[in-house]
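Here the protein sequences line up with chains A and B, keeping their order. If you use the numbering used here, the first sequence corresponds to residues 551 to 1062, in order. If you use the numbering used here, the second sequence corresponds to residues 617 to 1251, in order. Ideal Cβ placement from N, Cα and C applies to all residues, glycine included. Structure, as structure tokens:
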Amino acid sequence: MIEAPDISWGALAPLLLVFGAACAGILVEAFVPRALRHPVQVGLALVGTLGALAATVLLAGTREVTAVGALAVDGPALFLQATIAGLGALSVLLFAERALDPARSAFVVSAAVPAGSPRDRELATVPQVQTEVYPLATFAIGGMMLFVASNDLLVMFVALEVLSLPLYLISGLARRRRLLSQEAAVKYFLLGAFASAFFLYGLALVYGAAGSVRLSEVREAVGTDGGGALLVLGLALLVVGLLFKASVAPFHTWTPDVYQGAPTAVTAFMAACTKVAAFGAILRLLYVAFGTAEWTWRPLVYAAAIVSMVVGAVLGLTQTDLKRMLAYSSVAHAGFLLTGVIGLGAAGTGSGLPATMFYLLAYGITTLGAFAVLTLVRDGDGEASHLSQWAGLGARSPVTAAVMTLFLLALAGIPLTAGFTGKFAVFRAAIEQGAWPLTVVALLASAVAAFFYLRVVVLMYFSEPVADGPTVGVPGVPTTLVLAVTATATVALGVLPGAVLDLAERAAIFVG
Amino acid sequence: MSETLPADGLLGWSWLLIALPLAGAAVLLLGGRRTDRWGHLLGTATVGAAFLLALLCTVQLAGQDGTPADVELFTFIATGELDVTAGLLFDPLSAVFVLLITGVGSLIHVYSIGYMAHDPGRRRFFAYLNLFVAAMLLLVLGNSFVALYVGWEGVGLASYLLIAFWYTRPGAATAAKKAFIMNRVGDVGLALAIFIMFAQLGTTSYAGVFGSVGTLAGGTITAIGLLLLLGACGKSGQFPLQAWLPDAMEGPTPVSALIHAATMVTAGVYLIARSAPIYDLTPTARAVVLAVGALTLLIGAIAGCAYDDIKKVLAYSTVSQIGYMFLAVGLGPAGYVAGLAHLLTHGFFKAGLFLGAGSVMHAMDDQVDMRRFGGLWNKLPVTFATFGLGYLALIGFPFLSGYYTKDAIIEAAFDRADVWGWLLGGVAILGAGLTAFYMTRLMLMTFFGRRRWTEGQHPHEAPAVMTVPMILLALGSIGAGFVLVVATPLADWLEPVFGPPEEAAHAIPPVVVAAIVTGVAAIGVLAAWLFVGRREVPVTAPVRVSPVTRAARHALYADAVNESLFMRPGQWLTRALVWVDNRGVDGAVNGLAAGLGGSSSRLGRAQTGFVRTYALGMLGGAVVVAGALLAVTAG
């Protein structure tokens, strides 16, 4: 007789809501008439994500380990789940935009039709929408939320796959430039599988050394001396798997290609939510399982932070495509986030955890907004993401240019924007841990990165518009809503960050 | 300044004094063309209302025996140790200034209705004028040096805007820039003084600073005093920062009357009088004030003798008269009241003189060259009468305003009863003689003699809206001195601020001083008549003149000194810095940028687009990570 495990269903409500919505989405795909599918799917995805967001708010303050120790519901988990659910809801809104593309949707009608075939050309102009993207995205959101709450390496791996597989798929769903999109999906899949293998191998080594995959039990095996070569090797491979997801250099190589190829709304989703989830897992792993032997991973994170910041900032300089530029920006920001991880300090005594969580929220909002602006600027072939096409945009569309400028300034970390508050918080945490050389590098990298952000601003305002330049589409309600929310939040988190910083501060205690 | 009362009754509303003109300025500036038709009336009404309120407040202040009222408004800056609460202080000293500003201000607003009647920018003009009044009231009503500073910059801005009111004229634009920049030099001094106060005393409120300034080292107090003086010199056109004031006459004449004669330029005197508790502790700074005042009164008087531009003569006269005031307040407790009394009477008669000059210009198609005037007395009878009264008051004609107040300053100087007292008194008497000379010259060239008008000019008297303010100010030129010195002595009114008036032991009996001053002035008048009145005035200025005249015509080479001492070295410095910036800084930055761009391209080659390359990179990274971690653990 096997006893049913004791599961605290209430504490898992955010996860259950999202996964419930995703499963219901599959049924909707099967049974609801085509005409109704789009509104129902969008509604379902929004109900799932926003419901999860509300549930995390209601659960605030919960601290427990449930499902036989597999899941932790604690401050960081809830804060990051709320962040993912909120950003996920905004991404769903971006997917649902129907006013911008003349074919009513940014997603291909039938992904299985070979690109460039007669059938494909026929379908390209059909104003039909494909709705599988919503349950897929909802599954990915659920996987991310599970990822940051997993208290067990195996659950963490399952979550990693649950979040990754739908992402591989929806990266390939672009309606225009399909080959580029499919190439991105395949690359992402191959490299993602490669990274997952590292993670799994690391998991096996840790199990071999510690005799358990439960984070708390791994911690006991680690102790303060690192627990031996096998365990440390396991840690190294686990971290490689996670750094890949977080697009930290040198595991970032997929990022520019995939960000450029995927539909922009999907890129926005990946840039914002995947980053949050990956860093959530990194924080939990390093803090809960290996926090007592901080000296083992500190040099590694230190070096990865520097490499990531330098590579992201320097390579961003010569990009001519805005999506690729933002991809390298994402790499650089991963480095900045790692300075916050350094700020965790020995046994989590530092203020790195709340700082990193705040940074994730701020960066997610800003980068989502920046990609949302990219969807507005279009020419005959779809989005006009080449830098030269943005010349003189400030004269043609002052509001769009102003909003983009706001996001770019925030990404550059200019005061009175969310980006500044976040950078300030993580750099301070790093300095408190004595990592001032790292902070100096981070500041220099920020300065270099500021160049390519500001170059776009200069281009928009101080260049003559190109002759047959792109048009700025009038967004429908969903994108307008996303831009309004992200722009407001970017300013609010820069001007009055106190409440959210305080929230992150109070949430910053891991359980287990 | 020991005791203050919480403001109740009308004094609690004294913030309205500032708010009314400020609201007027806001409505006029934001309302745009919709307010064109009635904007000037609103502007005048707000200042008039402020004047009435000021009168009522003063009556209440008199009722509580002049005990200052403190009006707390809101916390202006609260950061760390610095806590600046915005508040107003309505005491006898500020009451005097408020009455002067709103009173003369109202008259000049009324006059401007006529003067600017046909100017397309009339609404803008009244908006700036209202802005000025608001800022000037804040300057004199603030209860801390920071509030004063805000008002100080506000009047500087309004002055800049109004000098450049006709900004399409290059002369006006240049003059405004000059005024603004030279004022900046002074403002730096004022700001540094405030910084020192905060650094040393932790407060900037008058009460706090004056209460504890005695605990500072002598050198620090002197530094504060000298820096405040620098600020005062900038705003009041005193040596060495006097050159901007005559150029400021490019602005419309009502502006010259209100800002550059009656009120703003006297802010420096206010600053020094207000800071009396500081200057009382530092004889060194006071000696410098004396020197500045004496020097400036001579410079102004000498330059005034040589100019042919009626407004510039009046401007140099203002420079010179403010020199008298500085001299007075530099004398310390004996001179504060005398200086302020002269400030008030000067406010009346100089404003009247400027309005008269404006009326003359109005009649002569905006001509300002006195060599083109002459014989205007019967064409402009009201202007002639009011201007003449102002003239008599200025040269100290017995029993008119200037007679009482200027003599009081000269007496106070002699009362020092040392060699410096004699020297200063002598300079002041010499200045009185020069004043009589240049003003008589002005009168003779403008109103008497042959008509040297340009062809086709038909001078006519100004409308009542302009003449009535001139008449009222002329009444002030006649009676203000008597009222302030004899009838209701200013000294008694200001007692809560400066302490009881001292019964000075006169080194020379006042009657003798009065006789000497009047005699010297008479000589000046006579000399003017001999040199100017008796002869024919050439229409163009003679070229072959004595070196003295040439120097005076160049205002004793103040501009040349400024240019060679400050402007040229400044230009060299900026050129050198630009060179360093171009070659050094830009070179480094561009080199760095090129280097980063190059490495970016080289690094970018690793991004081949092939999955195999990426996977290899990841594998390499993983190997390094694992190796490094093992190394760390093993080591």
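Among the options, nearest to residue i - alpha-carbon criterion
{"i": "Ala907(B)", "options": "Thr879(B), Leu757(B), Lys928(B) and Val945(B)", "result": "Val945(B)"}
{"i": "Phe886(A)", "options": "Pro652(A), Leu1043(A), Thr1040(A) and Ala999(A)", "result": "Ala999(A)"}
{"i": "Gly939(B)", "options": "Phe989(B), Gly850(B), Ala1123(B) and Gly1186(B)", "result": "Gly850(B)"}
{"i": "Leu1086(A)", "options": "Arg978(A), Leu566(A), Ser655(A) and Pro677(A)", "result": "A query on residue 1086(A) cannot be resolved here, the shown segment of chain A reaching from 551 to 1062 and no further."}
{"i": "His978(B)", "options": "Leu1100(B), Val1194(B), Pro868(B) and Leu956(B)", "result": "Pro868(B)"}
{"i": "Leu632(B)", "options": "Ala967(B), Gly655(B), Pro1163(B) and Thr718(B)", "result": "Thr718(B)"}
{"i": "Ala646(A)", "options": "Ala1042(A), Val1032(A) and Ile892(A)", "result": "Val1032(A)"}
{"i": "Phe1002(A)", "options": "Tyr852(A), Gly625(A), Leu755(A) and Leu867(A)", "result": "Leu867(A)"}
{"i": "Val768(A)", "options": "Ile557(A), Leu792(A), Ile1059(A) and Asn701(A)", "result": "Asn701(A)"}
{"i": "Ala699(A)", "options": "Asp624(A), Thr1029(A), Leu836(A) and Ser558(A)", "result": "Asp624(A)"}
{"i": "Ala788(B)", "options": "Ser872(B), Val756(B), Phe970(B) and Arg1068(B)", "result": "Ser872(B)"}
{"i": "Ala563(A)", "options": "Leu643(A), Ile576(A), Pro652(A) and Ala602(A)", "result": "Ala602(A)"}
{"i": "Val1240(B)", "options": "Thr1021(A), Leu783(A), Gly560(A) and Val679(A)", "result": "Leu783(A)"}
{"i": "Leu910(A)", "options": "Val1016(A), Arg671(A), Leu1046(A) and Pro626(A)", "result": "Pro626(A)"}
DSSP-derived helix/strand/coil call for residue i
{"i": "Leu633(B)", "result": "helix"}
{"i": "Glu688(B)", "result": "strand"}
{"i": "Ser618(B)", "result": "Here the model assigns Ser618(B) a pLDDT of 46, short of 50, so the residue's position is not dependable, and the following value carries that caveat. The answer is coil: DSSP assigns Ser618(B) none of H, G, I, E or B."}
{"i": "Tyr731(B)", "result": "helix"}
{"i": "Thr688(A)", "result": "helix"}
{"i": "Val1155(B)", "result": "coil"}
{"i": "Ala724(A)", "result": "strand"}
{"i": "Ala702(B)", "result": "strand"}
{"i": "His1170(B)", "result": "coil"}
{"i": "Val1240(B)", "result": "helix"}
{"i": "Leu741(A)", "result": "helix"}
{"i": "Val1022(A)", "result": "strand"}
{"i": "His978(B)", "result": "helix"}
{"i": "Leu1046(A)", "result": "coil"}
{"i": "Gly761(A)", "result": "coil"}
{"i": "Asp1023(B)", "result": "helix"}
{"i": "Val568(A)", "result": "helix"}
{"i": "Met622(A)", "result": "Inspection of the sequence shows that residue 622(A) is occupied by Ala rather than by Met. In the structure shown, Ala622(A) sits in a strand (DSSP, three-state: E or B)."}
{"i": "His802(A)", "result": "coil"}
Beta carbon of residue i nearer than 8 angstroms to that of residue j
{"i": "Thr961(B)", "j": "His876(B)", "result": "no"}
{"i": "Met820(A)", "j": "Ala992(A)", "result": "no"}
{"i": "Val568(A)", "j": "Thr599(A)", "result": "yes"}
{"i": "Tyr765(B)", "j": "Leu832(B)", "result": "no"}
{"i": "Arg669(A)", "j": "Gly932(A)", "result": "no"}
{"i": "Gly890(A)", "j": "Ala979(A)", "result": "yes"}
{"i": "Ala855(A)", "j": "Leu988(A)", "result": "yes"}
{"i": "Leu918(A)", "j": "Leu872(A)", "result": "no"}
{"i": "Ala838(B)", "j": "Ala901(B)", "result": "Before going further, note that residue 838(B) is Thr rather than Ala in the sequence given. Yes, the pair counts as a contact, with Cβ atoms nearer than the cut-off."}
{"i": "Ser721(A)", "j": "Gly778(A)", "result": "no"}
{"i": "Met941(B)", "j": "Val885(B)", "result": "yes"}
{"i": "Phe706(B)", "j": "Leu658(B)", "result": "no"}
{"i": "Ala931(B)", "j": "Ile888(B)", "result": "no"}
The ligand NAP heavy atom lying under 7 angstroms from the CB of residue i
{"i": "Val804(B)", "result": "No copy of the ligand NAP appears in this structure; indeed no ligand is present at all."}
Neighbour list for residue i in chain D, Cβ cutoff strictly below 7 angstroms
{"i": "Tyr1230(B)", "result": "Although the question refers to chain D, the structure presented lacks it and instead comprises the protein chains A and B."}
Legend entry - Three CB pairs or more closer than 8 angstroms across the stretch 581–592 of chain A and the stretch 622–639 of chain A: no
Legend entry - Sequence ranges, alpha helix (DSSP H) only - wholly within the stretch 831–872 of chain B, length at least 4: 834–852 and 860–863
Inset, instruction - State whether the stretch 767–779 of chain B contacts the stretch 851–864 of chain B, with contact taken as three or more CB pairs (one from each stretch) at a distance under 8 angstroms. - result: yes
Legend entry - Inter-stretch contact at 8 angstroms, needing at least 3 Cβ pairs: the stretch 1108–1115 of chain B / the stretch 1021–1037 of chain B: no
Legend entry - Segment contact flag, the stretch 745–757 of chain B with the stretch 632–646 of chain B, C-beta cutoff 8 angstroms, min 3 pairs: yes
Inset, instruction - Pair every Cβ in the stretch 1033–1051 of chain B with every Cβ in the stretch 953–967 of chain B, then say whether three or more of these pairs are closer than 8 angstroms. - result: no
Legend entry - Cβ contact (3+ pairs, closer than 8 angstroms) linking the stretch 792–803 of chain B and the stretch 822–832 of chain B: no
Legend entry - Ordered list of alpha helix (DSSP H) runs contained in the stretch 1175–1210 of chain B, each at least 4 residues: 1184–1196
Inset, instruction - List in chain order: all unbroken alpha helix (DSSP H) runs of 4+ residues lying wholly within the stretch 1077–1105 of chain B. - result: 1080–1098
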